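Engineer: Sharing a structure here in structure tokens format.
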Amino acid sequence: MGVRLAPYWHDGDRFVADEPLLADYDALVAELDERPVSYLHLRGRDPIGPDAAPDIPAFARYRSRFAGPLIVNNGFDRATGNAAVAAGVADAVSYARHYVANPDLVARFALDLRAVARRPGHVLRGRSRGVRRLPGEQLGHGAGLMARRAGPGGGGRRAAVVP
Ligand SMILES: Cc1cc2nc3c(=O)[nH]c(=O)nc-3n(C[C@H](O)[C@H](O)[C@H](O)COP(=O)(O)O)c2cc1C
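Counted the way this note's numbering counts, the sequence shown spans residues 5 to 167.
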């Protein structure tokens, strides 16, 4: 069983990630370290701006308390994700908004191609009809974007990488 925690999650003044709460998370993570959890997935502190780097020290607090596989997210791109893993901050990085904006994110990362910027308009809400519009990005060197119409009722497009 994997466990997902968001110790820094906050909601205005209604829910604040203050030190007493973080101390509770410290105890919880230390307890999880004694249990056979297959991984701990941590959402980090929100970066200070849309293009700001992830708050790496905020993860260190948990790396020192949990020896098992640690996955982190919140504000990473390819470079900062690779750097975090190389530095031992985490064992892996997960991507949410980048993946929603780039259905071919894995291929883009593998080919070191620029990922389309994360935008609220790329997040699907309600009934999914696939990715409506994939902003043009030329994939060269043996790779290309294939777009096709979604099935009946779906007016959008899906994209896949053709090797
Ligand atoms: C479409 C979408 C759905 C998400 N659903 C959940 C959810 O159900 N539970 C949760 O804890 N976080 C959810 N998240 C938050 C992500 O897991 C992640 O913590 C957050 O987007 C920051 O990571 P990122 O910078 O890679 O996007 C969701 C994010 C997106 C974009």
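Even for Gly, the Cβ is constructed at its ideal location relative to N, Cα and C. As the structure is a prediction and not an experimental result, all values here were calculated from the model.
With a threshold of 16 other CB atoms inside 10 Å of the CB of Pro11, please say whether the residue is buried or exposed.
Structural biologist: Here residue 11 corresponds to residue number 7 of the sequence shown, with the count starting at 1. Looking at its Cβ environment, which holds 16 or more other Cβ atoms inside 10 Å, Pro11 is buried.
Engineer: Using 8 Å for Cβ pairs, my map puts Arg47 next to Trp13. What's the rounded Cβ distance?
Structural biologist: Indexing the sequence shown from 1 puts residue 47 at position 43. Indexing the sequence shown from 1 puts residue 13 at position 9. Indeed, because the Cβ distance is near 7 Å, the residues count as touching under 8 Å.
Engineer: For ligand 1, is there a heavy atom less than 7 Å away from the beta-carbon of Asn77?
Structural biologist: Start at 1 with the first residue of the sequence shown, and residue 77 comes out as number 73. Checking the Cβ of Asn77 against ligand 1 gives yes.
Engineer: Spell out a yes or no on whether the stretch 19-26 and the stretch 55-62 are touching, meaning 3 or more CB-CB pairs, one atom from each, closer than 8 Å.
Structural biologist: Output reads no: the stretch 55-62 does not touch the stretch 19-26.
Engineer: So, with DSSP's three-state summary, where would you put Asn86?
Structural biologist: Taking the first residue of the sequence shown as position 1, residue 86 is located at position 82. Looking at Asn86 - three-state DSSP - the assignment turns out to be helix.
Engineer: Is there at least one non-hydrogen atom of ligand 1 closer than 7 Å to the beta-carbon of Ala10?
Structural biologist: Start at 1 with the first residue of the sequence shown, and residue 10 comes out as number 6. Checking every heavy atom of ligand 1 against the Cβ of Ala10, one is found closer than 7 Å.
Engineer: Quick check: what's the CA-CA separation for Ala105 versus Val7?
Structural biologist: Your numbering for residue 105 matches position 101 in the sequence shown. Your numbering for residue 7 matches position 3 in the sequence shown. Each residue's Cα considered, the two are about 25 Å apart.
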